[in-house]
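Peer 1:
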Amino acid sequence: MKSGDATTIEVQETSAASKGKAPLIPAPLPPPRPEGWRKGIAIFDFVLRICAIVAALAATAAMGTSDETLPFFTQFFQFQASYDDLPTFQFFVIAMAIVGGYLVLSLPFSIVTIVRPRAVGPRFLLLILDTVALTLATSAGAAAAAIDYLAHNGNPNTNWLAICQQFGDFCQKVSGAVVGSFIVVVLLVVLVVLSSMALRRI
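At position 42 of the sequence shown the residue is numbered 42 (the UniProt record's numbering), and the sequence of numbers has no breaks.
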């Protein structure tokens, strides 16, 4: 090699961004969740609403027809027990009728959630209104249950007499109405939970 000759060595340039770093690869997207479970929840919601409608209307009818007159008195002097003698039972009939009517009106919205399982608006509306109906049914059932307990057992401290020994049919219908209202309460609790689960996973 002559001293006057210049030797050129080519050096391959490397990007500064690629030194010591792995190439950026986007993270894989999670697989889409199947829609079957949402539709299953919506169908179960529809069935529970029908059951709650039946229980609410049965409770309303049982309380509304609770009327008994003791047979061994004359027509001028009779002992009679009826639901409209007590404001608590009147409130029960009105409240359970409102709950039953609401549940009937909620069926179209429940059908919408079956057809469109990912729809947020109808599900959120049902969640709010179900909570209101749950509060109303709970208050009516609890108040009627307290009066029904006094009718069966009485309260000597306040001179409340147990009237169910004389008015057996009346107390039987009242007790059935109270049980029906508690069934409605349980079904509404399940409906609220189902709506919350569906909204959480959308």
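Glycine included, every Cβ here is placed at the ideal spot set by N, Cα and C.
Source: prediction; values computed, not measured.
Judging by CA-CA distance, which residue of ALA97, LEU127, LEU187 is the nearest neighbour of residue 209?
Peer 2: Only positions 1 to 202 of the chain appear in this structure, which leaves residue 209 out of reach.
Peer 1: Among the residues of its own chain, which have a CB less than 6 Å from the CB of PRO31, if the five just before and after it don't count?
Peer 2: Position 31 of the sequence shown, counted from the first residue, corresponds to residue 31. With a pLDDT of 49 at PRO31, under the threshold of 50, the predicted position of this residue should be treated as unreliable, and no value is reported.
Peer 1: Grab the span of the alpha helix (DSSP H) containing SER139 for me, first residue to last.
Peer 2: On the sequence shown, residue 139 is found 139 positions in, with the first residue counted as 1. Per DSSP, SER139 belongs to the alpha helix (DSSP H) from 120-153.
Peer 1: Express the C-alpha separation of ASP85 and VAL190 in angstroms, rounding to a whole number.
Peer 2: The count along the sequence shown starts at 1 and reaches residue 190 at position 190. The count along the sequence shown starts at 1 and reaches residue 85 at position 85. So the two alpha carbons sit approximately 34 Å from each other.
Peer 1: Could you give the DSSP three-state label for SER195: helix, strand or coil?
Peer 2: Working through the sequence shown from its first residue, we reach residue 195 at position 195. In this structure, SER195 counts as helix in the three-state DSSP scheme.
Peer 1: Given a cut-off of 7 Å on the beta-carbon distance, is the pair ALA58 and VAL99 in contact?
Peer 2: What you label residue 58 is simply residue 58 of the sequence shown in a count that begins at 1. What you label residue 99 is simply residue 99 of the sequence shown in a count that begins at 1. Annotated as distal: ALA58 and VAL99, with beta-carbon spacing of 7 Å or more.
Peer 1: ALA162 by DSSP, collapsed to three states: which one?
Peer 2: Along the sequence shown, read from residue 1 onward, the residue named residue 162 stands at position 162. Coil at ALA162, not helix or strand.
Peer 1: Mind checking which residues open and close the alpha helix (DSSP H) that includes SER82?
Peer 2: Stepping through the sequence shown from its first residue, residue 82 is reached at position 82. Here SER82 belongs to no alpha helix (DSSP H); instead the beta strand (DSSP E) covers 80-82.
Peer 1: Going by DSSP, what residue range makes up the alpha helix (DSSP H) through PHE167?
Peer 2: On the sequence shown, position 167 is the one that residue 167 refers to. Segment: none, PHE167 is in no alpha helix (DSSP H) and carries neither H nor E.
Peer 1: With contact counted as at least three CB pairs below 8 Å, one residue from each stretch, are the segment 180-190 and the segment 132-142 in contact?
Peer 2: yes
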